[in-house]
Amino acid sequence: MSRVGKLPVTVPAKVEVTLAATEITVKGPLGTLKQAASSLVNVKKDGDKLVIEAANDSQAANAMSGTMRALLANMVKGVEKGFERKLNLVGVGYKAAVQGNKLNLALGYSHPVVHDLPEGVKAVTPTPTEIILTGVDKQKVGQVAAVVRSYRPPEPYKGKGVRYAEEVIVLKETKKK
């Protein structure tokens, strides 16, 4: 069995988990998340823990047990504490502003880049060169951060572009005459 899948998921007192035949619902103080249940995995509630077991001895069931455990752990953490991703804009004139559910970016193009934020993801700009994305769904927050970064990825010579806050860009040396 998957080493990750063997670990139980601890459910805090504030979080409520509902197991159905086709869907697993996790409800907490920050919101509600749903996940389709896999037929390869059996999920059982044991007090304040969720135990995930492979339904059979196949390799697919073994792999899915670890995947389902990670998804459920992220759902529980998301509805309790939420997820956050920080982006930095590096470059002269690069700036960001939030207006409603739209993220307006000036990234050195001749036009502004406007990104519509999906439902469940919020953006805050404490400074014009910093973006903080928050939400309960880890996948959605990460996907929005990746799409915003893809508008102007960091280039390897000056490091200009949109980068994750913890990302390290290894700069190349310029060509010598």
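Numbering (the working numbering), first residue to last: 2 to 178. Note that the Cβ used here is the ideal one computed from N, Cα and C, for glycine as well. Computed from a predicted model, the values in this text were never measured in an experiment.
- Using a Cβ-Cβ distance cut-off of 8 angstroms, the stretch 52–67 and the stretch 106–124 are not in contact, since fewer than three pairs of beta carbons, one from each stretch, lie closer than that value.
- Per DSSP, the beta bridge partners of residue 43 are 54.
- Shown here, residue 150 sits in a helix according to DSSP, grouped into three states.
- Along the stretch 87–164, the alpha helix (DSSP H) occurs as fully enclosed runs of 4 or more residues at 139–151, listed in sequence order.
- When DSSP states are grouped into helix, strand and coil, residue 71 belongs to the helix group.
- With fewer than 16 neighbouring CB atoms inside 10 Å of its own CB, residue 7 falls in the exposed class.
- With 16 or more other Cβ atoms inside 10 Å of its own Cβ, residue 74 counts as buried.
- Taking the Cα positions, residue 149 is about 17 angstroms away from residue 169.
- With respect to residue 53, residue 36 sits apart: the two C-beta atoms are not nearer than 8 angstroms.
- For residue 28, the pairing in a beta bridge is given by DSSP as 17 and 33.
- Within the same chain, 12 and 27 come within 6 angstroms of residue 18 by CB-CB distance, once the 5 residues on both sides are set aside.
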